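All remarks here apply to the structure that follows.
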Amino acid sequence: MGYDMTWENASQHEDPYFRLNIFGMARYSESMHRLGMLYPAEPGSFPQAHEHGTTWEHVWTVGDEAAPDPDADTPKLTEEQAEAARDFATRLETHLSQHPGDTPGIPSFKFSTNDGWLVTPEECKAAAQAARAATPTQLDANVGPEREYWGRWVEYLEKAAEHGGFRVN
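Here the sequence shown is numbered in the numbering used here, starting from 4 and rising by one per residue.
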């Protein structure tokens, strides 16, 4: 298991991808917390499709409306079913992109699961600024021998801010 991160708005000219395995994410999350890039927060309960009058199959179907596959075995939805699915998808997106409170940086829960969280451009900028403000002594104490890969991580955050943030999958 690991954490695959991709820019929300990918670029054809730059690599939109960054990966940390589960142990790497644990180390990086701890370092980011110590450097003021990440703050403790809870996301609340995930919205549930059935509680909003829809199913995941319906949500996936309306998500594929832009480029339907004529050979796919997808259900034909009524307008009411499609509307409920779109409404739930909007609620889910709001949940995945939430930023509880006024604390700058990235809420910790966005790195505790790989459920498609959106780390927003503002969160990326604040985290990158905190990382750049760290002294060499702070970096030595918190990042240690991984300074080169850490530098790539901070650059990734800066670029992600220019590309709509990034998803954590």
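Quick reminder that beta carbons are idealized off the backbone N, C-alpha and C, glycines included.
Every value quoted in this text rests on a predicted model; they were computed, and no experiment measured them.
Asked	Found
N-terminal and C-terminal residue of the beta strand (DSSP E) that threonine 9 is part of	5-10
From Tyr6, Pro19, Arg30, residue whose alpha carbon lies closest to that of alanine 163	Pro19
Backbone CA spacing between lysine 79 and histidine 53 [nearest angstrom]	18 angstroms
Burial state of proline 43 (16 or more Cβ within 10 Å)	exposed
Start-to-end residues for the beta strand (DSSP E) that takes in asparagine 24	20-24
Simplified DSSP assignment, three categories, for phenylalanine 91	helix
Assigned secondary structure, valine 188 (DSSP; H/G/I helix, E/B strand, else coil)	For residue 188 there is no data in the structure shown, the boundaries of the chain being 4 and 172.
Cβ-Cβ distance between glycine 39 and alanine 144 below 9 angstroms	no
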